[in-house]
Amino acid sequence: MEYTQEHIYELLLRKKKGNINHADNQYLEQLMAGNEDVSRLWDDIRLHDFDEDVWYEIEDNEAAWQKIEPELLQPQHKIRRFPIVKWLAAACVLGIMATGAYFLLKPAAPMSGAEMAEAASHAKGLRLKLSNGKTIQLPYNEPSQQITAGSVALNAGARTLQYTTEDHTMGGLNTLIVPPKMDYRLILSDGTEVWLNATSTLKFPFAFREGRREVYLEGEGYFKVTKNAEKPFIVHTPQTEVEVLGTEFNINTYKTGITSTSLVSGAVATHSGPSTLVLKPGQEAVYTEHLGFTVQQFDSEVVLSWMNGVFQFDNTRLRDLAPVIKRWFGINVVFDDQSLANAPFTGVLDKHHDLPFFLKNLKNTGAGIDFYYDNETLHLKETH
Numbered sequence: 436m437e438y439t440q441e442h443i444y445e446l447l448l449r450k451k452k453g454n455i456n457h458a459d460n461q462y463l464e465q466l467m468a469g470n471e472d473v474s475r476l477w478d479d480i481r482l483h484d485f486d487e488d489v490w491y492e493i494e495d496n497e498a499a500w501q502k503i504e505p506e507l508l509q510p511q512h513k514i515r516r517f518p519i520v521k522w523l524a525a526a527c528v529l530g531i532m533a534t535g536a537y538f539l540l541k542p543a544a545p546m547s548g549a550e551m552a553e554a555a556s557h558a559k560g561l562r563l564k565l566s567n568g569k570t571i572q573l574p575y576n577e578p579s580q581q582i583t584a585g586s587v588a589l590n591a592g593a594r595t596l597q598y599t600t601e602d603h604t605m606g607g608l609n610t611l612i613v614p615p616k617m618d619y620r621l622i623l624s625d626g627t628e629v630w631l632n633a634t635s636t637l638k639f640p641f642a643f644r645e646g647r648r649e650v651y652l653e654g655e656g657y658f659k660v661t662k663n664a665e666k667p668f669i670v671h672t673p674q675t676e677v678e679v680l681g682t683e684f685n686i687n688t689y690k691t692g693i694t695s696t697s698l699v700s701g702a703v704a705t706h707s708g709p710s711t712l713v714l715k716p717g718q719e720a721v722y723t724e725h726l727g728f729t730v731q732q733f734d735s736e737v738v739l740s741w742m743n744g745v746f747q748f749d750n751t752r753l754r755d756l757a758p759v760i761k762r763w764f765g766i767n768v769v770f771d772d773q774s775l776a777n778a779p780f781t782g783v784l785d786k787h788h789d790l791p792f793f794l795k796n797l798k799n800t801g802a803g804i805d806f807y808y809d810n811e812t813l814h815l816k817e818t819h
């Protein structure tokens, strides 16, 4: 599936209807700012009253466009078929900055039978391990299911798990396990919401005991904590703990020996041994084993992009992109040429697209990159 004009039209229609996500809206704003044709197209769509629902009633985007286009091509709404190359260059959605080559990651096409089977196999890894040792397989994108676990009523489906219990003594730790190629939301007993990124785990009780609300995170999670001044919320990580009363923040422990806590709103105190650091909104605490805590400002669009179904990278080495590929596509990455591993990378990766598409575009950038598979390992190398 090519990244066609029709996808831009689809995003513009979503923007008009008001159901576009933040990442797509930001992409369109940047595109319109740098391309007069796209901006003019948006004006035509915004001001013209056609039935935009027709787009979503037709499975094929091209067919939908064929039905909508005649209305937009009336003399008072004439639209230019702007050259793809022009807006492709303006967008620069994904690029290898060291070589100046850019390519776009396209939106996902409908899944084939094989892809659906692959998704189903990944779903087997989405599970909840109860404190009594029992494991429950959880649905992912399926309709909500009611599951009973003793005195706990679980409601799982649509990428979300929530539960109710009348037994407030259930303080044993359960473990939610999110496998590669997934993200998942958990609503805790106090109403706190936790979004977990791929290859992450969260240990939590079905009922918080008096005094403290404590959970244990490995991987990456975004927390929207319900305020309770009498019962602070504690997030334990392998190296640090973060204490809050009610706030929103992101914690990333993917890199061995490094924990990053990014505060969106409210206030948090993060601890490691005798060291304590209080953050303000917009600040990020990075803890390393040898340096302790350092504080820096962070770009929320980059740090939180994974919640919108994309990964954003800003001057990131390709070697640091490899763990993301492993988490999302479930495959190890090896660089045959270290100079390639250290090449800086800036752009956006749509994690809902498949790996072959990503690699095809990577190879076709003209940046001198090739790949091959060996023993279920992806090798990236320079072409000579």
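Remember, the numbering used here sits 435 above the position in the sequence shown when you count from 1. C-beta: ideal position from N, C-alpha, C; glycine also.
Rounded to whole angstroms, the gap between the alpha carbons of I582 and S624 is 16 Å. Sequence-distant partners of Y807 (beyond 5 residues in either direction) whose C-beta falls short of 6 Å from its own C-beta, in its chain, are H814. Non-local C-beta neighbours of A757 in its own chain, meaning closer than 6 Å and more than five positions away in sequence, comprise V768, ordered along the chain. Under the rule that a run must span 4 or more residues, the alpha helix (DSSP H) segments found entirely inside the stretch 696-761 read 735-738. For the pair T688 and T672, the CB atoms are nearer than the 7 Å cut-off. Between the C-alpha atoms of Y722 and F684 there is a straight-line separation of about 15 Å. Just so you know, the alpha carbons of L621 and T729 end up roughly 30 Å apart.
Three or more beta-carbon pairs separated by less than 8 Å link the stretch 611-621 to the stretch 629-639, which places the two stretches in contact. Residue burial annotation: A593 is exposed, with fewer than 16 other C-beta atoms found within 10 angstroms of its C-beta. Minimum Cα-Cα distance from Q580 among the listed residues V613, A591, S586 corresponds to A591. Fewer than three Cβ pairs drawn from the stretch 649-667 and the stretch 776-795 lie within less than 8 Å of each other, which leaves the two stretches out of contact.
Per DSSP, Q773 is one residue of the alpha helix (DSSP H) stretching across 773-776. Under the DSSP definition of a beta bridge, W630 partners with R620, Y657. When DSSP reads this structure, S635 sits in a beta bridge with V613. Relative to the Cα of G727, the nearest Cα in the group K761, Q718, G708 belongs to G708. Contact between L463 and K450 holds, since their C-beta atoms are separated by about 6 Å, short of 8 Å.
For F684, the uninterrupted beta strand (DSSP E) segment begins and ends at 683-687. The closest CA to that of P574, considering only G585, I443, L596, is found on L596. Counted as a single uninterrupted DSSP element, the beta strand (DSSP E) harbouring N767 occupies residues 767-770. For L565, no alpha helix (DSSP H) segment is defined, and its DSSP state is neither H nor E. The stretch 634-650 and the stretch 606-614 touch, with no fewer than 3 CB-CB distances between them shorter than 8 Å. By the Cβ-count criterion, R647 is exposed, with fewer than 16 other Cβ atoms from all chains shown falling within 10 Å of its own Cβ. For L790, the enclosing alpha helix (DSSP H) starts and ends at 790-798.
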